[in-house]
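This report refers to the structure that appears directly beneath it.
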Amino acid sequence: MRRGHFEALRPICPVCRSGALTIATAIRQDDDDLLEGILSCANVSCRREYPIVDGIPIIVAAIRAWLSANPLQLLLRDDLSPELEGLLGDVLGSGSAFDTLRQHVGIYAHDHYRVGNAASLLDRAPLAGGPAIDVGCATGGTTFHLASRLEQRVVGVDLNFAMLRVASSALRSGRVTYARRSVGLVYEREEVLFDPPSRELVDFWCCDAAALPFADATFGVAASINVLDCVPSPRDAVRELARILQPGATAVIATPYDWSPNATPVEGWIGGHSQRGDHRGAAEPLLRALLADEGLAIVSEEESVPWKVRLHERSTVEYGVHLVVTQKM
Ligand SMILES: C[S@@+](CC[C@H](N)C(=O)[O-])C[C@H]1O[C@@H](n2cnc3c(N)ncnc32)[C@H](O)[C@@H]1O
Ligand SMILES: [Zn+2]
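Just so we're on the same page, our numbering is the position in the sequence shown counted from 1, plus 5.
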């Protein structure tokens, strides 16, 4: 965690929502970069603590639930040879938590550091100002892209620690390694050397899109690229996005509405159900209404922009995402 980002963004506790976070313990650091430490809420009746692991502060409200749900992400090692990793992957098998993580991380790392499909969605929006937040940044390539474009401080936030680890490695060592899926359980180890001019402007934090640890009106720019259909409550995520924006700030929201009941219960979907209703199950009118409710005025909108996701050697999915550029009233 960069102290510069911490001091500029002045995070608040996601539990009591009033206490400022302070650096209670600095265990390991490299200049202004705190690699291991503990943050604590200054509110005496709260005093929650949040760990900083591998340079990534984990500032989530349900910290105990998060830690017990994510031991693999947290303790996963990245120093195994491709041969041994392949053997362990074969033994654990398809559908194992290990294989699912390896696949997801590989998909986004490959796009973010070799291809740039998500970054090209961001490039459809005119953006200026800061500081900026990239919500659901995954492996962080779009966060670096945003920082280079804006030349402003940017924080990338995501709940997936394995993804954030790749982002952190890009930030701190300029090296990105990931497993690129060929077929089945067969992967090739890829390595990309990465030296963006924007490095100093970027940091990555582990936070929930629906409970961001920032005061109202903190950010001048926000990106929420392909995230709304991955969170338990898209409505809460839009509300949070609107809350942390300064008046006049720009938010770019893109979503393929690719609902999965594992990520979002059907009741939380924006469209995609109730075909008998006024909108016949369409999502777009509901997102527009939700944005209006939260004080986000639509500046421009594209109904279907191509976004490709490579799954393996013989499979690439092409979505048509709804892309909306909004301005906070
Ligand atoms: C489909 S991926 C998109 C990643 C990236 N924005 C892109 O377009 O390449 C969705 C991302 O949202 C993250 N995510 C899901 N639920 C989240 C939450 N509640 N808070 C923050 N991030 C979340 C996932 O971990 C994942 O990295
Ligand atoms: Zn607190």
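Note that CB positions come from ideal geometry on N, CA and C, so glycine has one too. Model, not experiment: these values are computed from the prediction.
Less than 8 Å separating the beta-carbons of residue i and residue j?
{"i": "Arg7", "j": "Asp38", "result": "yes"}
{"i": "Ile112", "j": "Val236", "result": "no"}
{"i": "Lys333", "j": "Gly300", "result": "yes"}
{"i": "Pro311", "j": "Gly273", "result": "no"}
{"i": "Val1", "j": "Gly135", "result": "Given that the chain is displayed from residue 6 to residue 334, the structure contains no residue 1 and the question cannot be resolved."}
{"i": "Gly60", "j": "Leu40", "result": "yes"}
{"i": "Val171", "j": "Gly145", "result": "yes"}
{"i": "Asp128", "j": "Cys142", "result": "no"}
{"i": "Ile230", "j": "Ala123", "result": "yes"}
{"i": "Leu126", "j": "Leu328", "result": "yes"}
{"i": "Ala216", "j": "Glu245", "result": "yes"}
{"i": "Ala211", "j": "Ile64", "result": "At residue 211 the sequence reads Cys, which differs from the Ala that was named. In this structure, Ile64 lies closer than 8 Å to Cys211 by Cβ."}
{"i": "Pro218", "j": "Pro19", "result": "yes"}
{"i": "Ala102", "j": "Tyr183", "result": "no"}
{"i": "Ile32", "j": "Leu26", "result": "no"}
{"i": "Leu14", "j": "Val159", "result": "no"}
{"i": "Tyr324", "j": "Asp241", "result": "no"}
Distance check for residue j and residue i, CA to CA, integer angstroms please.
{"i": "Ile303", "j": "Gly9", "result": "32 Å"}
{"i": "Leu89", "j": "Val110", "result": "18 Å"}
{"i": "Arg154", "j": "Asp221", "result": "24 Å"}
{"i": "Pro147", "j": "Asn48", "result": "In the sequence as displayed, the identity of residue 147 is Thr instead of Pro. Rounded to the nearest angstrom, the two C-alpha atoms are 34 Å apart."}
{"i": "Phe224", "j": "Val96", "result": "46 Å"}
{"i": "Ile43", "j": "Asp104", "result": "31 Å"}
{"i": "Glu156", "j": "Ala130", "result": "16 Å"}
{"i": "Leu79", "j": "Glu289", "result": "37 Å"}
{"i": "Arg204", "j": "Ala137", "result": "14 Å"}
{"i": "Ala254", "j": "Val140", "result": "15 Å"}
{"i": "His317", "j": "Arg194", "result": "13 Å"}
{"i": "Ile68", "j": "Val322", "result": "34 Å"}
{"i": "Thr331", "j": "Ser99", "result": "41 Å"}
{"i": "Arg107", "j": "Ala66", "result": "26 Å"}
{"i": "Tyr118", "j": "Ser174", "result": "12 Å"}
{"i": "Glu308", "j": "Val326", "result": "7 Å"}
{"i": "Arg53", "j": "Glu196", "result": "38 Å"}
{"i": "Val191", "j": "Gly91", "result": "7 Å"}
{"i": "Arg180", "j": "Pro201", "result": "11 Å"}
{"i": "Ile57", "j": "Ala152", "result": "23 Å"}
{"i": "Leu291", "j": "Leu198", "result": "42 Å"}
{"i": "Val243", "j": "Leu233", "result": "8 Å"}
{"i": "Pro62", "j": "Phe209", "result": "8 Å"}
{"i": "Met168", "j": "Ser265", "result": "20 Å"}
{"i": "His278", "j": "Pro261", "result": "15 Å"}
{"i": "Gly286", "j": "Glu12", "result": "44 Å"}
{"i": "Ala70", "j": "Arg22", "result": "19 Å"}
{"i": "Ser45", "j": "Ala228", "result": "28 Å"}
{"i": "Asn165", "j": "Ser73", "result": "13 Å"}
{"i": "Gly276", "j": "Asp213", "result": "23 Å"}
{"i": "His284", "j": "Arg177", "result": "47 Å"}
Regarding residue i and ligand 1, is the C-beta to nearest heavy atom distance less than 7 Å?
{"i": "Asn75", "result": "no"}
{"i": "Gly141", "result": "yes"}
{"i": "Thr147", "result": "yes"}
{"i": "Leu164", "result": "yes"}
{"i": "Met168", "result": "yes"}
{"i": "Asn267", "result": "no"}
{"i": "Asp213", "result": "yes"}
{"i": "Tyr262", "result": "no"}
{"i": "Val236", "result": "yes"}
{"i": "Val232", "result": "yes"}
{"i": "Asp38", "result": "no"}
{"i": "Asp116", "result": "yes"}
{"i": "Tyr113", "result": "yes"}
{"i": "Ala123", "result": "yes"}
Is residue i close to ligand 3? I mean its beta-carbon at under 7 Å from any heavy atom of the ligand.
{"i": "Arg293", "result": "What this structure holds is ligand 1 and ligand 2, not ligand 3."}
Inset, instruction - Counting only runs of 3+ residues fully inside the segment 139-173, write out the beta strand (DSSP E) ranges in chain order. - result: 159-163
Inset, instruction - Report all residues for which the CB-ligand distance to some heavy atom of ligand 2 is below 6 Å; order them along the chain. - result: Cys18, Val20, Cys21, Gly24, Cys46, Asn48, Cys51 and Arg53
Legend entry - Uninterrupted beta strand (DSSP E) stretches inside the segment 218-297 (no shorter than 3 residues): 224-230 and 250-260
Legend entry - Sequence ranges, alpha helix (DSSP H) only - wholly within the segment 54-131, length at least 4: 68-74, 76-80, 87-97, 102-115 and 122-127
Legend entry - Segments assigned beta strand (DSSP E), at least 3 residues, entirely inside the segment 6-37: 26-35
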